[in-house]
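See below for the structure under consideration.
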Amino acid sequence: MSFEKEIKRVTTKSLSLLKKKGIKISALTAYDFITAKLLDEAGIDVLLVGDSLSNVFQGNETTLPVTMDEMIYHTKAVSKGVNRAMLVVDMPFMSYQLNIDEAFRNAGRIMKETPAGAVKLEGGRRIADTISKITEHGLPIMGHIGLMPQSIHKYGGYGERGKTDEEALEIMEDAKIIEEAGAFALVLEKIPATLAKEITTSIKIPTIGIGAGVDCDGQILVTPDMLGLTTDFHPRFVRHYSSLAKEINEAVKDYIEDVKNGLFPTDKESY
Ligand code: KIV
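Residue 314 in my numbering sits at position 104 of the sequence shown, and the numbers go up by one each step.
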């Protein structure tokens with residue numbers, strides 16, 4: 211049996227072993243029970259209840275509006291569909307930036323009120339002390355550097371990060387600082403593939419890339435994007451593995467036509 215098949219439940223330890231063995235880590239986002247169940251049954255390693263739920267589930271322009279209560283609500287739903295994957299939850303904007311105690315209290319809330327296996331925080335050196343404190347108390351943290359959508363108003367757009375030598379160096383240093391602070395894994399978002407490769411070989415914890423090239427230890431995508439449900443978002447790092455928006459549109463049109471023409475339900479579909 212392959213190592214991956216032997217894993218009954220993915221943990222921080224399994225992710226570390228996957229990196230050591232050179233086996234890539236697969237990760238996707240989930241916001242509801244039914245999708246989580248489908249992704250888990252397909253064998254995904256990590257399911258992230260991303261704060262991208264603000265965009266793709268709630269229809270907001272940015273990730274900023276989503277609240278702690280909403281993240282917890284969705285995590286509870288997602289968790290019911292998960293048997294094998296490691297469940298990671300994004301700490302939403304302003305749940306960890308104010309001060310370390312507030313961050314610890316909110317991380318603790320997620321871990322206490324849901325069956326999550328870890329929380330994810332965006333930020334480099336400025337949150338190193340926060341990561342140290344939370345991990346010292348036994349709560350696993352996944353870091354997230356490069357493009358950080360919670361800082362979108364500072365950047366003024368969703369462009370690639372780390373293009374200048376200065377910014378690339380800052381991101382590389384941040385990766386090492388986050389590892390040192392105690393994070394068990396690190397998301398690298400929208401940075402040059404060469405930089406992501408350098409980071410991946412320079413730190414021991416697994417890197418999970420989104421728009422960061424093939425040399426990361428794993429890859430993550432926003433599920434509605436990769437399933438072709440989002441029709442107005444086409445960054446080049448998203449590959450469409452399905453065209454669900456089109457399929458749903460056709461299915462609903464067929465249904466409407468059948469209803470309008472009295473073709474649904476038939477006798478067999480009635481009581
Ligand atoms: O919120 C999210 O979906 C994320 C992933 C894109 C990494 O942070």
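For each residue, glycine too, the CB sits at the ideal point set by N, CA and C.
Ignore the nearest five residues each way along the sequence and tell me which others in residue i's own chain have a CB closer than 7 Å to its CB.
i	result
Ile409	Met382, Ala385, Leu398, Thr417
Gly421	Glu399, Lys400, Pro445, Phe447
Ala240	Ala246, Leu249, Leu257, Val259, Val288, Thr433
Ala406	Leu398, Thr417, Gly419, Ala422, Gly423, Asp425, Cys426
Could you tell me the boundaries of the alpha helix (DSSP H) in which residue i lies?
i	result
Thr285	278–289
Val292	From DSSP, Val292 is part of no alpha helix (DSSP H); its letter is neither H nor E.
Val266	263–266
Ala246	243–252
Glu216	213–216
What residues in its chain sit with their C-beta under 6 Å from that of residue i, if we drop five residues either side in the sequence?
i	result
Glu376	none
Phe474	Asp468
Val266	Pro434
Thr440	Pro434
Asp261	Thr273, Val276, Asp300, Pro302
Glu370	Lys400
Along the chain, where does the beta strand (DSSP E) containing residue i start, and where does it finish?
i	result
Lys231	Unbroken run through Lys231 is the alpha helix (DSSP H), 222–231; no beta strand (DSSP E).
Thr272	Element bounds for Thr272: n/a, residue is neither H nor E.
Asp300	296–300
Gly419	417–420
CB-CB under 8 Å to residue i, same chain, minus the five flanking residues each way: which ones, in chain order?
i	result
Asp250	Leu257, Gly291, Val292, Asn293, Arg294, Ala295
Ala338	Ile387, Ile388, Glu390, Ala391
Tyr368	Leu357, Pro359, Ile362, Lys400, Pro445
Phe443	Asp435
Phe213	Leu227, Leu228, Lys231, Ile233
Give the list of continuous alpha helix (DSSP H) stretches no shorter than 4 residues that lie fully inside the region 304–355. Whole alpha helix (DSSP H) segments, 4+ residues: 310–323, 338–346.
By C-beta, the residues closer than 7 Å to any heavy atom of the ligand KIV, given in chain order: Proximity annotation: the ligand KIV has residues Thr239, Leu258, Gly260, Asp261, Ser262, Thr273, Asp300, Lys330, His354, Pro359, Val397, Glu399, Ile420, Ile430, Val432 in chain order, each selected because its CB is closer than 7 Å to a heavy atom of the ligand.
Measuring CB atoms only, is the region 361–379 touching the region 340–353, in the sense that at least three cross pairs come out at less than 8 Å? Counting Cβ pairs under 8 Å, fewer than three are found: no touch.
Which ranges would you report for the alpha helix (DSSP H) in the region 427–476 if only whole runs of at least 4 residues count? With a minimum length of 4 residues, the continuous alpha helix (DSSP H) runs that stay inside the region 427–476 are 433–436, 454–470.
Every unbroken alpha helix (DSSP H) inside the region 358–414 [4 residues or more]: Listed in chain order, they are 362–365, 375–391, 403–412.
Does the count of Cβ pairs from the region 278–291 and the region 227–236 closer than 8 Å reach three? Taking one beta carbon from each stretch, the region 278–291 and the region 227–236 have fewer than 3 pairs nearer than 8 Å; the two do not touch.
Is the region 452–459 touching the region 268–275 in the sense that three or more CB pairs, one from each, lie closer than 8 Å? Output reads no: the region 452–459 does not touch the region 268–275.
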